[in-house]
Ligand code: F6R
């Protein structure tokens, strides 16, 4: 895993948007994996800047969301579909119909999960998957002890995640208990994983994911198994990494042609 330590959230946005732009330059019909929550927002804002200045177009790309809440009414402002509509589809030039997410309001949820796996496969898999990390180490909504072989399925959120996500809802009671998420095994099939993380509250999870043992108890440690995974952390999120100085030096001396 490559660890890149940046000064702040804005710097994480510029760096990761640059990697996405390069991916799309090489493959204009790239398949992107999108995350929701706060962490990827600087990335989306920098992509928007590039699209508006004409240096990037996502018009031929496809995108897949990582996860979705189960049981929110259609168009609920905190559904991940509605969030991606606001933050990505309405502001960039990717067509709405090219952006798919798990159907959290399906009557037959297992069938919706299987259909989602098929859709990712039919698109040829994900070229670059954006990820955030929960304070309990989740990626997607794969909470602790999720199998590394897991596929898209229904999961129950931990109390910690419902507390963390209450800021997006009126109260904690309004945060759904259930979600559909791509499995850890699904995520690991993307060709490049890019995890963006900012803030002191994630420092412990980051240290465990990067430098701790590979364990289903820390789902983000699955990135250690991936041949091309990048973790971009601000100083606060990187503050508990034992080898922080080594990661800084490695990145500073990296040949520029290598990219992320
Ligand atoms: C969201 C997702 C989650 C978040 C994580 C961090 O699609 O898959 O894993 O990335 O909960 O959320 P933020 O960025 O809001 O701290």
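Numbering (this note's numbering), first residue to last: 987 to 1246. Glycine residues also receive a C-beta, built at the ideal position from the N, C-alpha and C atoms. These numbers come from a predicted model, not from an experiment.
Within its chain, find whatever has a CB closer than 8 Å to the CB of residue 1199; leave out the 5 residues flanking it on each side and keep chain order.
The residues are 1207.
Per DSSP, what kind of secondary structure is residue 1115 in: helix, strand or coil?
DSSP places residue 1115 in strand when its eight states are reduced to three.
Helix, strand or coil for residue 1126, going by three-state DSSP, please let me know.
Correct three-state label for residue 1126: coil.
Would you kindly work out how many angstroms separate the C-alpha atoms of residue 1099 and residue 1138, rounded to a whole number?
Near 5 Å, if we compare the C-alpha coordinates of residue 1138 and residue 1099.
In the DSSP assignment, find the alpha helix (DSSP H) that holds residue 1038 and state where it starts and stops.
Run containing residue 1038: 1027–1039, per the alpha helix (DSSP H) assignment.
Select from 1174, 1069, 1048, 1064 the residue whose C-alpha is nearest the C-alpha of residue 1158.
The shortest C-alpha separation from residue 1158 is found at 1064.
Where do the ends of the alpha helix (DSSP H) carrying residue 1150 lie?
Where residue 1150 is concerned, the enclosing alpha helix (DSSP H) stretches over 1145–1151.
When every heavy atom of the ligand SAH is checked, does at least one fall within less than 8 Å of the C-beta of residue 1106?
For the structure depicted, the ligand SAH is absent and the ligand set comprises only the ligand F6R.
What would DSSP say about residue 1228, mapped onto helix, strand or coil?
Here residue 1228 sits in coil by DSSP.
Please state whether DSSP places residue 1216 in a helix, a strand or coil.
Correct three-state label for residue 1216: strand.
Per DSSP, what are the beta-bridge partners of residue 1164 in this structure?
DSSP lists 1142 as partners of residue 1164.
Looking only at its chain, what residues have a beta carbon closer than 7 Å to the beta carbon of residue 1187, apart from the 5 residues adjacent to it on each side?
The residues are 1121.
Go ahead and pull the three-state DSSP assignment for residue 1202.
Three-state DSSP puts residue 1202 in coil, outside helix and strand.
Checking 9 Å against the spacing of the C-beta atoms, do residue 1048 and residue 1078 come in under that value?
Not closer than 9 Å, so no.
Give a single yes or no on whether residue 1065 has its beta carbon closer than 8 Å to a heavy atom of the ligand F6R.
Every heavy atom of the ligand F6R is 8 Å or more from the Cβ of residue 1065, so no.
Determine which residues share a DSSP beta bridge with residue 988 and list them.
DSSP, once it has assigned bridges, lists 1216 as partnering residue 988.
Could you check how far apart the C-beta atoms of residue 1051 and residue 1088 are, in whole angstroms? I think they sit under 8 Å.
Confirmed, about 7 Å.
Could you check if residue 1119 belongs to the surroundings of the ligand F6R, using beta carbon to heavy atom distance under 8 Å?
For the ligand F6R, at least one heavy atom lies less than 8 Å from the Cβ of residue 1119.
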